[in-house]
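Residue numbers (this note's numbering): 25 to 405.
Note that beta-carbon positions come from the ideal geometry of N, C-alpha and C, so glycine has one too.
Everything numeric in this text was worked out from a predicted model, so none of it was measured.
Step one of this worksheet: look at the structure below.
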Ligand SMILES: Cc1cc2nc3c(=O)[nH]c(=O)nc-3n(C[C@H](O)[C@H](O)[C@H](O)COP(=O)(O)OP(=O)(O)OC[C@H]3O[C@@H](n4cnc5c(N)ncnc54)[C@H](O)[C@@H]3O)c2cc1C
């Protein structure tokens, strides 16, 4: 049976970022790290199925881990992408109120902008409030009466990002075991005995970064029903005609009330020049069902046509879906990221509910995990 110092379950952006961060630090000895992943390569689940936006964090409660780690992680990801030559599109983000919203009662949208403005002020994020004429200089074809612009928001290619983190961590000695779904976890007082369909390993520390399955992995390790993930599916349509794609160059989000389930269906340009519309947000039963239900394009057109009236249903083609691993709090709201040392000895760290903005936060989240006392006390010099 192979023995390791640290076993990470899940090679999404979070697992790969943690493996990379562990490999960058100095420890009392070279750490033996294994990443167990059920798919054939890294980033095949939520990490490869999102908008790729490096969020500022102002959509989140300013006191939350989500807000802090998104802000810090996005800055780290931008400089990481520049160093590694990864595709990155610096468009900034516009959160807009459409003229049409005025007819439906402006107060909800305006109060949403006020809340975002306040969050930005609290977190010292640079934003500018602009009226329709100002907005036209940023995005000439956008039909909107006002909005806020967050200039420092970029879009990354998520798959290239994850692959690069994986390669970095391999260079410092991490081992990836693909096609190895974890099926059982036992603990003998000093180590974890982790079984997959193909092997059993020992590890002194277990880090659960299993995304949508992080509840299942945590519950296996704790031998208790401690966590429940609610899968929230989001689909994307691609804008096909080249001339319509050229009409929008930036991230355009709607101003939504705080109780909305997501950040809203938005215009989502990508570093490769493509333009997508999405995602919607639907609670589903199956954590892996990406294709069986395709929401008709009408819902997407309804959400964005008010900003770009020339866009029509026939311009859109269904493209892909991603599933957010949400934890719903007792009051019905989505919970903050959960990063919990559920056992100190031997260390068990569960990362649960790492939904949006988890891609943005990943590099800062990795630092946060590696700085936890249970890791530092056990392995630091
Ligand atoms: C529609 C959508 C849009 C989003 N947009 C953004 C955005 O623009 N910006 C942003 O910052 N965030 C965004 N997010 C959130 C972001 O994608 C996630 O927070 C992030 O990818 C989570 O990464 P992860 O590594 O925790 O999970 P994952 O990528 O799901 O990785 C977990 C890994 O664990 C593996 N695994 C699971 N079970 C087992 C097992 N039993 N054994 C071995 N391996 C296992 C899985 O195969 C997977 O590879 C979006 C999410 C969705 C769904």
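Given residue 29 as reference, the closest of 227, 35 and 304 once Cα atoms are compared: By one-based count along the chain shown, residue 29 stands at place 5. Per the Cα distances, 227.
State the DSSP-derived secondary structure class of residue 201, mapped to helix, strand or coil. Within the chain shown, residue 201 is the residue found at index 177, counting from 1. When DSSP states are grouped into helix, strand and coil, residue 201 belongs to the strand group.
On the DSSP bridge list, what partners appear for residue 277? As a working note, residue 277 is residue 253 in the chain shown. In DSSP, residue 277 forms a bridge with 119.
Residue closest to residue 142, alpha-carbon to alpha-carbon, out of 82, 319, 194 and 54: Translated into positions along the chain shown, residue 142 becomes position 118. Out of 82, 319, 194 and 54, 82 has the C-alpha closest to the C-alpha of residue 142.
Residue ranges of each beta strand (DSSP E) run of no fewer than 3 residues wholly in the segment 137 to 167, ordered along the chain? 152 to 155
Every unbroken alpha helix (DSSP H) inside the segment 25 to 106 [4 residues or more]: Runs of alpha helix (DSSP H) with 4 or more residues, each lying fully within the segment 25 to 106, are found at 37 to 48, listed in chain order.
Does the segment 312 to 327 come within contact of the segment 48 to 66, defined as at least 3 CB pairs closer than 8 Å? no
In whole angstroms, give me the CA-to-CA distance for residue 95 and residue 180. Along the chain shown, read from residue 1 onward, the residue named residue 95 stands at position 71. Along the chain shown, read from residue 1 onward, the residue named residue 180 stands at position 156. If you take the alpha carbons of residue 95 and residue 180, they lie about 15 Å apart.
By the DSSP assignment, the alpha helix (DSSP H) with residue 182 in it spans what residues? If you number the chain shown from 1, residue 182 lands on position 158. Counting along the chain, the alpha helix (DSSP H) containing residue 182 begins and ends at 182 to 195.
Compute the Euclidean distance between the alpha carbons of residue 335 and residue 173, then round it to the nearest angstrom. Taking the chain shown and counting its residues from 1, the one referred to as residue 335 is at position 311. Taking the chain shown and counting its residues from 1, the one referred to as residue 173 is at position 149. Whole-angstrom Cα-Cα distance: 23 Å.
Quick one: is residue 372 buried, meaning 16 or more other Cβ sit within 10 Å of its Cβ, or exposed? Working through the chain shown from its first residue, we reach residue 372 at position 348. Label assigned to residue 372: buried.
When the Cβ atoms of the segment 264 to 277 are set against those of the segment 291 to 304, are three or more pairs found closer than 8 Å? yes
With three or more beta-carbon pairs closer than 8 Å as the criterion, would you say the segment 358 to 374 touches the segment 208 to 220? Short answer: they touch.
Under the assumption that residue 167 contacts residue 278 (Cβ atoms under 8 Å), give the Cβ distance between them as a whole number of angstroms. By 1-based counting over the chain shown, the position of residue 167 is 143. By 1-based counting over the chain shown, the position of residue 278 is 254. Not confirmed; about 12 Å, so no contact.
Best match in 144, 119 and 145 for proximity to residue 133 [C-alpha to C-alpha]: As a working note, residue 133 is residue 109 in the chain shown. That would be 119, whose Cα lies nearest to the Cα of residue 133.
Below 7 Å, is the gap between the Cβ of residue 328 and the nearest heavy atom of ligand 1? As a working mapping, residue 328 is identified with position 304 in the chain shown. Not so, every heavy atom of ligand 1 lies at least 7 Å from the Cβ.
Can residue 374 and residue 359 be called in contact, C-beta distance under 8 Å? Translated into the one-based positions of the chain shown, residue 374 becomes position 350. Translated into the one-based positions of the chain shown, residue 359 becomes position 335. No, these two residues do not count as a Cβ contact at 8 Å.
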